[in-house]
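Under the working numbering, the letters of the sequence shown match residues 11 to 559, in that order. We treat Cβ as the ideally placed atom computed from N, Cα and C, and that holds for glycine. Note that the structure is predicted; figures quoted are calculated from it, not measured. Below is one structure; the comments refer to it alone.
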Amino acid sequence: MPDIHLTCRLTGKPFTVSEWEQEHLKKFDAPLPDLCPEERHRKRLSHRNERRLYKRNCSMTGEPVISVFSPDKDLLVYRTEAWRGDAWDGRDYGIDYDFSKPFFEQFAALQRMVPHMALLNVNGENSEYCNITTGNKNCYLVFGGDFCEDCRYSVFSMHCRDVSDVYWVNGSELVYDTLDSENCYNIRYSQKAFGCRDSSFLFECRNCENCFGCVGLVGKKYHIFNKPYPPEEYKEKIKAMRLDTWSGVENMRKEFTEFKLQFPHRYVKIINSEHCTGDDISGAKNCENCFGIYGPAEDLKDIFLGGWGLNDSASSDHIGHKAELFYEMLGSIDGSHCAFCTFSWSSQDTFYCNFVLNSHDLFGCSNLKRAEYCILNKQYSKEDYFALRGRIVEHMKSTGEWGQFFPAKNSLFAYNETVAQDYFPLTKEAALAQGLRWFDEEKRALTPNDLPDSIHDITDEILSKTLVCEKTGRPYKIIPSELKLYRQMEIPIPRYAPETRNEIRIASRNPIQTWTRQCAKCAKPIETTYAPDRPEKVYCEACYLAEIY
11 MPDIHLTCRL TGKPFTVSEW EQEHLKKFDA PLPDLCPEER HRKRLSHRNE
61 RRLYKRNCSM TGEPVISVFS PDKDLLVYRT EAWRGDAWDG RDYGIDYDFS
111 KPFFEQFAAL QRMVPHMALL NVNGENSEYC NITTGNKNCY LVFGGDFCED
161 CRYSVFSMHC RDVSDVYWVN GSELVYDTLD SENCYNIRYS QKAFGCRDSS
211 FLFECRNCEN CFGCVGLVGK KYHIFNKPYP PEEYKEKIKA MRLDTWSGVE
261 NMRKEFTEFK LQFPHRYVKI INSEHCTGDD ISGAKNCENC FGIYGPAEDL
311 KDIFLGGWGL NDSASSDHIG HKAELFYEML GSIDGSHCAF CTFSWSSQDT
361 FYCNFVLNSH DLFGCSNLKR AEYCILNKQY SKEDYFALRG RIVEHMKSTG
411 EWGQFFPAKN SLFAYNETVA QDYFPLTKEA ALAQGLRWFD EEKRALTPND
461 LPDSIHDITD EILSKTLVCE KTGRPYKIIP SELKLYRQME IPIPRYAPET
511 RNEIRIASRN PIQTWTRQCA KCAKPIETTY APDRPEKVYC EACYLAEIY
């Protein structure tokens, strides 16, 4: 069976449906996709709000709650404990299927009726402002990170203590403004640092100590911009940089950005893996066009962020943990033979569902627990379920809905509240023109905060002030644990709001797509996440290892 070459109906971009993918689609009776992988990512991610939190009241108890649903959304929203309890049953909201209407229209109506969980925050202690997390203690605005303590403003960081403003930093302590790093202690302003400590401005460094502004070093101590110094001279030079000041940090940030361009960049990061393409893949096998895959993982295509026992799955985002046979899935774990779902957990044979737990054989259901043989949340016998399910699939084929993920315009969130805005940003005008919703944040005039340059000149009075982001106009505050960390690590007060800082970090990561270009050294063709118009020198794996290691 040869590969099939198609053109995206939205962008006109060519894409390929491989022989493996064609066989995978047959397992779901799904048609060939008509959108390129990137547009499919965009559509799915437009249904995922990770970081925008609001205050509203629980629709069951009336008590105040923190929620991913803003109070202007006309939805039933239950606090987490109430949603998980037995005082209500999602099947009480079941509706009959109407063959005179499109499926997506009926599912959207169900979504407006059934109660939703305020946010996903399990077993947290003094960590009310966290989402998609479990087991955190004394954490604030931690998203997708588990088993952390005294952390804040972090995304996808696990088993950390006293870290702030990080993205995908694991097993670390005293880390600030850092991305894609592990097992570090007391580092700042770094990316792809592993086993490093007491350092700042690192890129692609391993097991380094007391290093500053370094690229591609392994096992080094007392280096500044890759040059060795005696320990005492090193300390004097670092002191002279005035990293306790905002101006000093910004000057070094610009200098380090230019310094990095002198060194080759690895075209992608694929380690301990076989037959894989994409980027940031480890411990995997047979993964095509995948990004952020952490093994064990096998037989995947067009996946963004998945693994940990994920197999035989395609065209999905944020999935894994003992999952198999997934297609067009978002935020789903521990299941089998599921398609076109958001947040299907520990379930089997779920199709076109949202937030279903410990269930099987569901179609078009929302917010069900321990359920089976339901369609649009209505209970059926096993025989009647499969008979009606078959009729609905044929109806959806006739309307052109079968095989399509939920429309972005039907998302429960505004486009700029979702992860889609991180990786596929739109202006307000462009989003509204596409029929998408937009959430207008509170913003103020862009004015300097009139803060002392050095953290040493900041008093506790700042805790009572409302600051204004100098990039976006977002109002924000400094909280006591945050100020304590800044003083301990001698970090100047940030001039940008926490969400702005998140956006800047995510934008600094490479995109979830590849381009064809040549290795800057040997001219070998490579598929890389560095677009051809970017200024970095990009090397193939062999040339990079020969140069750096």
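Q: From the DSSP output, in three-state form, read off T287 for me.
A: strand
Q. What three-state label does DSSP hand G302 in the structure shown?
A. strand
Q) With DSSP run on the structure shown, which of helix, strand or coil describes V27? A) V27 sits in a strand when the DSSP states are folded into three classes.
Q) Does the pairing of the stretch 157-168 with the stretch 225-243 give three or more beta-carbon distances under 8 Å? A) Judged by pairs of C-beta atoms under 8 Å, the stretch 157-168 does not touch the stretch 225-243, as fewer than three such pairs exist.
Q) Using the C-alpha atoms, what's the distance from N220 back to Y244? A) 8 Å
Q) Using DSSP with H/G/I as helix, E/B as strand and the rest coil, what is D394? A) helix
**Q.** Segments of 3+ residues assigned as beta strand (DSSP E) that fall wholly inside the stretch 132-193
**A.** 150-153, 162-165, 171-180 and 183-192
Q) Cα separation between V478 and K111? A) C-alpha separation (whole angstroms): 48 Å.
Q. DSSP puts S210 in a beta bridge; with which residues?
A. R198 and F222
Q) Taking the alpha carbon of P504 as the point to measure from, which residue in I558, C68, I465 and E242 has its own alpha carbon closest? A) I465
Q) Residue ranges of each alpha helix (DSSP H) run of no fewer than 4 residues wholly in the stretch 383-435, ordered along the chain? A) 392-409 and 430-433
Q: In angstroms with no decimal places, state the Cα-to-Cα distance between I234 and N193.
A: When only Cα atoms are considered, I234 and N193 end up about 21 Å apart.
Q. At what residues does the beta strand (DSSP E) containing N520 begin and finish?
A. Note, N520: premise wrong, no beta strand (DSSP E); not H, not E.
(Q) Going by DSSP in three states, Y244 sits in which element: helix, strand or coil? (A) helix
Q: Have a look at D371, D172 and G410 and flag the residue whose alpha-carbon is nearest the alpha-carbon of D8.
A: A query on residue 8 cannot be resolved here, the shown segment of the chain reaching from 11 to 559 and no further.
(Q) Quick check on S292: does DSSP put it in helix, strand or coil? (A) strand
Q. What separation, rounded to the nearest whole angstrom, lies between the Cα atoms of L271 and C224?
A. 12 Å
Q.
With distance defined between alpha-carbon atoms, name the residue in R54, C18, K36 and I516 nearest to L45.
A. The shortest C-alpha to C-alpha distance from L45 to any of R54, C18, K36 and I516 is the one to C18.
Q: May I ask which residues mark the beginning and end of the beta strand (DSSP E) holding V75?
A: P74 to S77
Q | N- and C-terminal bounds of the beta strand (DSSP E) containing R66 | A | Y64 to N67
Q | The beta strand (DSSP E) enclosing S376, as first and last residue numbers | A | S376 to K379
Q | Inter-residue Cα distance where the pair is K531 and I522 | A | 24 Å
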